[in-house]
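In mature numbering (1 follows the signal peptide of the UniProt record, and there is no 0), the protein residues as written are -21 to -1, 1 to 405. Since the structure comes first, as structure tokens, the remarks are kept for the end.
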């Protein structure tokens, strides 16, 4: 009997030890060994997220982050296919701002970040950037803000000087403070140098377009471009006016000819976001010291580019994914991404950090361009673009390209509207 009793005690003690061990390990929320987790993260573009993921893994050894990088178009098409089919989506993904509305109709396929506590960090981000990621009723958040693309005016000091225009950023800002003042400066540049003010009709069009709170669609999905109150046609007409006056060039962005024109100062102004700085440094090295940056007229204050980090519903690790996402885009890490990859922060606290305030761009004559874009970032309004924004925008840009080659502007506009309607009917 004593043997049986001892055996029973031993079995109970062993079972207790097993239960104790299980209660203290095998879970990411326990105090013992944490569960090993692998997260798939889809990214695009030039980011430092690979190195940031490695840093996070060092701090969280139970987490492995697998990054898949692809081109912007392929990235979003693959994501759309996975979200639509309900299988194959990553644990977290970047979504570019122009593509975000494309995924709103599949809201149920994404995790509501408000359910994970995102409201607690809302105040860390620019209001307009945050608002764009909400649904119409404001109770669903599609993604955490990453970088932004606040626009400013890059200007060639040599061209400005030859045209009798100021070259100091503060003086340029004061003199070119409205669309009318912009056209007056363009006339001086054209008369004195024979060069266009802006590189292309597309950039002249975007001057107004990127500042619109509502462009091609309203939130009900209605196409607005034939509405008399819609401002898209005004943006188109502004670009056409600059072209007819000789103030817009024919340098298509990203082409070798455009890079050469940047290098040689063949046009006076580029109205573009902060991310253009990296391209200019690498592709127009001979122009080092020739360009400066100042803010655009208020009517042109807009955003071009930037992304969000979203969590597809398919993930089995929503809490851990959110923890990483929140860490990745906090103010300190947005500073790191800015320094390493030129991703402009959406966190105003970053603008006050020493490494940001002491920033110096040697390419731009030692100017602290970061503070210019920080000022511009806080003038931007939230914009609604709609699921078919990219498709419609491409048709308008096609019309402008044809105008630059000599086509009739009104005929091209009407043809573009007809094509757009046909596409949307399909």
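Glycine residues also receive a C-beta, built at the ideal position from the N, C-alpha and C atoms.
Contact belief for residue i with residue j at Cβ below 8 Å, rounded distance in angstroms
i, j, result
"residue 361", "residue 53", "Their Cβ separation, rounded to whole angstroms, is 28 Å, which puts residue 361 and residue 53 out of contact at 8 Å."
"residue 73", "residue 22", "5 Å"
"residue 158", "residue 323", "25 Å between Cβ atoms; not a contact."
"residue 167", "residue 143", "6 Å"
"residue 194", "residue 364", "6 Å"
Buried or exposed (CB count within 10 angstroms, at least 16 for buried), residue i
i, result
"residue 399", "buried"
"residue 405", "exposed"
"residue 198", "exposed"
"residue 207", "exposed"
"residue 390", "exposed"
"residue 326", "buried"
"residue 15", "exposed"
"residue 336", "exposed"
"residue -8", "Model confidence at residue -8 stands at a pLDDT of 46, short of 50, so the residue's coordinates are unreliable; what they give is reported in the following sentence. Exposed: under 16 other Cβ atoms inside 10 Å."
"residue 102", "exposed"
"residue 334", "exposed"
"residue 1", "Confidence in residue 1 is poor, its pLDDT being 42 and thus under 50, which makes the residue's placement unreliable; the coordinate value appears in the next sentence. Classification of residue 1: exposed, given that the 10 Å Cβ count is below 16."
"residue 403", "exposed"
"residue 86", "exposed"
"residue 340", "buried"
"residue 315", "buried"
"residue 80", "buried"
"residue 372", "buried"
"residue 388", "buried"
"residue 47", "exposed"
"residue 17", "exposed"
Three-state secondary structure assigned by DSSP to residue i
i, result
"residue 51", "helix"
"residue 392", "helix"
"residue 78", "helix"
"residue 73", "strand"
"residue 357", "coil"
"residue 268", "coil"
"residue 384", "coil"
"residue 292", "coil"
"residue 364", "coil"
"residue 351", "helix"
"residue 312", "helix"
"residue 13", "coil"
"residue 18", "strand"
"residue 304", "helix"
"residue 416", "For the chain, the structure presents residues -21 to 405; residue 416 sits outside this window and is missing."
"residue 257", "helix"
"residue 86", "helix"
"residue 286", "strand"
"residue 273", "strand"
"residue 27", "coil"
"residue 278", "helix"
"residue 56", "helix"
"residue 45", "strand"
Just checking, does the stretch 233 to 248 make contact with the stretch 122 to 138 on the three C-beta pairs under 8 Å criterion? yes
Write down every uninterrupted run of the beta strand (DSSP E) in the stretch 98 to 184 whose length is 3 residues or greater and which is fully enclosed by it, in chain order. 123 to 135
Validate contact between the stretch 218 to 233 and the stretch 158 to 168 using beta carbons, cut 8 Å, 3 pairs: yes
Let me know the alpha helix (DSSP H) ranges lying completely inside the stretch 182 to 254, each 4 residues or longer, listed in chain order. 211 to 223, 235 to 243
Cβ contact (3+ pairs, closer than 8 Å) linking the stretch 146 to 160 and the stretch 114 to 129: no
I'd like to know if the stretch 89 to 98 and the stretch 294 to 303 are in contact, where contact means that at least 3 CB-CB pairs between them fall below 8 Å. yes
Mind the definition here: the stretch 375 to 390 touches the stretch 340 to 357 only if three or more C-beta pairs lie below 8 Å; say whether that holds. no
So, does the stretch 224 to 231 touch the stretch 178 to 198, judging by three or more C-beta pairs under 8 Å? yes
Is the stretch 56 to 76 in contact with the stretch 260 to 274, if contact means three or more CB pairs nearer than 8 Å? no
Quick test of the definition: if touching needs 3 or more C-beta pairs under 8 Å, does the stretch 276 to 284 touch the stretch 183 to 203? yes
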